[in-house]
Amino acid sequence: MPTPKRDVTKVKKDIAGGTAHATPVDLRRALNSAPVARAAWNSLTPLARNEWICWNTTVKQPKTRKRHIERTVAELQQGKRRPCCWMGCVHRADKPISPSARWVLGKIK
């Protein structure tokens with residue numbers, strides 16, 4: 122049986138990352154367990170992958186994160202290229218935050 126470290130290394134080889142975020146281990150594992158989703162993921166642009174990663178990692182509850190990862194895999198298998206209803210990653214340093222994203226962030230307390 123492989124050690125967890127070897128497992129993580131193998132997972133890293135198969136999954137591309139985003140522009141501002143590395144692909145988290147739990148998302149990598151989910152994508153590796155679904156070949157269609159993995160192929161779709163690797164066909165995305167780095168910016169699109171970044172949006173999925175940010176959408177998965179900005180939630181507060183572990184239960185919500187698990188649902189987001191499951192939904193990511195399902196939606197990639199359906200051919201979706203970006204997360205639905207997502208204002209976009211606010212962590213990117215290469216572009217300013219859009220006015221609509223700034224408005225949404227101003228409403229969060």
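Adding 121 to a residue's 1-based position in the sequence shown gives its number in my numbering.
Ideal Cβ placement from N, Cα and C applies to all residues, glycine included.
Nearest-angstrom beta carbon gap, residue j and residue i [assumed within contact, 8 Å]
{"i": "Cys178", "j": "Pro145", "result": "Before going further, note that residue 178 is Thr rather than Cys in the sequence given. Contact flag correct, Cβ pair sits at about 6 Å."}
{"i": "Leu148", "j": "Thr193", "result": "7 Å"}
{"i": "Ile190", "j": "Ala151", "result": "5 Å"}
Beta-carbon proximity of residue i to residue j, cut-off 9 Å
{"i": "Glu172", "j": "Arg223", "result": "no"}
{"i": "Gly200", "j": "Arg170", "result": "no"}
Sequence-distant residues of its chain with Cβ nearer than 7 Å to residue i (five each side left out)
{"i": "Leu197", "result": "Ala158, Ala161, Trp162"}
{"i": "Met122", "result": "Caution applies to Met122, whose pLDDT of 47 falls short of 50 and renders its modelled position unreliable; the value that the coordinates give is listed next. Cβ within range, chain order: n/a, list empty."}
Cβ shell of residue i (< 6 Å), same chain only, five flanking positions each side left out
{"i": "Arg188", "result": "none"}
(message) At 4 residues or longer, what runs of the alpha helix (DSSP H) sit wholly inside the region 176-201?
(response) 183-198
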